[in-house]
Amino acid sequence: MTSKRPAITQISRLAHRAGGTAAASRMVPEETPVAFSYAGTTHAVMMASPADFEDFALGFSLTEGIIADQAEIEAIEVEDLGAGIDIQIRLKDKANTRFQARRRRLAGPVGCGLCGIESIEEAMRSVDTVGASKLTFDAEDITRSVKLLSKVQPLHTQTGAVHAAGFYMPGKGVVMAREDVGRHNALDKLAGALAKAGIDGASGAVVVTSRVSVEMVQKTAAIGAPFILAVSAPTALAIRTADAAGMTLVALVRGDDFDVFTHPDRVVSGVAKHVA
């Protein structure tokens, strides 16, 4: 069974403005519990937008290191349980054996948090390195990527309340984008969409509308992208993690202004005028 829940809902509200108060309607995003179950056992539960479930399951499995390649998934089945969505993910033999061994290493209840992770060791896992990438961007690439992402956010346009993650390729623009009420959910959905489309993560940049926390860097590294570009600011741990991974982290992209926090050598022009 699949789910066809709406991602947005129209609600009534009382709108107070300087000129007075009146009844009005507004579109708001839905959010629902989404469980990832492997071999019949729930591994993690996210509050997420009810859309792009297969992308979400594939991307989460990839960015959390449960699988190394989408070929390790035998099947994905989406079940609407009323109270939430259960995504049943069946792994092929070797991947399932590896996952079960990982499960045995973990202790404590599984649930929300840092993408369902339960231990300090898992949360602080080493990230894939992208330092070998020779991809470079100029200042126009960086500012254009955010402008183009803003044009492919239909849920945000209607609600003003969801995050987006997109993939920008020089000369092609934003070739893929996904939205969600959760910023890391949007990035997982993007990861799954890129994998399904056969787009190499090393060929472009992840662009996000949120702040950059450490899990955003971890997931971007799992995608293989040497750049993460963000509208908001990064955390200190995200900066250290991006630096160690050889990733160029650009944040606070506002109009023509931006800050380069790590590996500025990949930004081939326009850096000096942006440094305060």
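Reminder that position 143 of the sequence shown reads as 142 in numbering that gives the first Met the number 0, one-by-one numbering, no gaps.
C-beta: ideal position from N, C-alpha, C; glycine also.
Can you tell me which of M246, V161, V44 and A21 puts its alpha carbon nearest to the alpha carbon of S11? Working through the sequence shown from its first residue, we reach residue 11 at position 12. Cα-wise, what sits closest to S11 is A21.
I need the DSSP call for G112, collapsed to helix, strand or coil. As a working mapping, residue 112 is identified with position 113 in the sequence shown. Residue placement at G112 is poorly supported in this model, since its pLDDT is 40, which falls under 50; the coordinates still yield a value, given next. Reduced to three states, the DSSP call for G112 is coil.
Can you list, in chain order, the residues of its chain with a C-beta nearer than 8 Å to that of T261? Leave out the 5 residues immediately preceding and following it. For the purposes of this step, residue 261 is taken as the residue at position 262 of the sequence shown. Around T261: I238, A241, D242, M246, T247 and L248.
Let me know if G58 comes out buried or exposed under the rule of 16 or more other beta-carbons within 10 Å of its beta-carbon. For this step, residue 58 is matched to residue 59 along the sequence shown. G58 comes out buried.
Which two residues bound the contiguous beta strand (DSSP E) that contains R177? Counting from one through the sequence shown, the residue named residue 177 turns up at place 178. For R177, the enclosing beta strand (DSSP E) begins and ends at G172 to D179.
Alpha carbon of Q99 to alpha carbon of D92, nearest angstrom: Along the sequence shown, read from residue 1 onward, the residue named residue 99 stands at position 100. Along the sequence shown, read from residue 1 onward, the residue named residue 92 stands at position 93. If you take the alpha carbons of Q99 and D92, they lie about 11 Å apart.
Quick check on C114: buried or exposed, where buried means 16 or more other Cβ atoms within 10 Å of its Cβ? Numbered from 1 along the sequence shown, position 115 holds the residue referred to as residue 114. Low confidence applies here, because C114 scores a pLDDT of 47, under 50, leaving its location unreliable; read the following figure in that light. In this structure C114 is buried. Its beta-carbon is surrounded by 16 or more other beta-carbon atoms within 10 angstroms.
Is the number of C-beta pairs between the stretch 28–36 and the stretch 152–165 that are closer than 8 Å three or more? yes
Can you tell me the Cα-Cα spacing of G254 and A194, whole angstroms? As a working mapping, residue 254 is identified with position 255 in the sequence shown. As a working mapping, residue 194 is identified with position 195 in the sequence shown. Taking the straight line from one Cα to the other gives about 30 Å.
When the Cα atoms are used, what is the spatial distance from I167 to G18? As a first step, residue 167 must be located in the sequence shown, where it is residue number 168. As a first step, residue 18 must be located in the sequence shown, where it is residue number 19. Correcting the residue identity first, residue 167 is Tyr in this sequence and not Ile. Cα-Cα distance, rounded: 43 Å.
Identity of the residue in P169, H183 and A163 nearest V176 by Cα: One-based indexing of the sequence shown puts residue 176 at position 177. A quick correction: the sequence has Ala, not Val, at residue 176. A176 has its Cα closest to that of A163, out of P169, H183 and A163.
Just to check my reading of the structure: I88 and F35 have Cβ atoms closer than 8 Å, yes? What is that Cβ distance to the nearest angstrom? Along the sequence shown, one-based indexing puts residue 88 at 89. Along the sequence shown, one-based indexing puts residue 35 at 36. Confirmed, Cβ separation roughly 6 Å.
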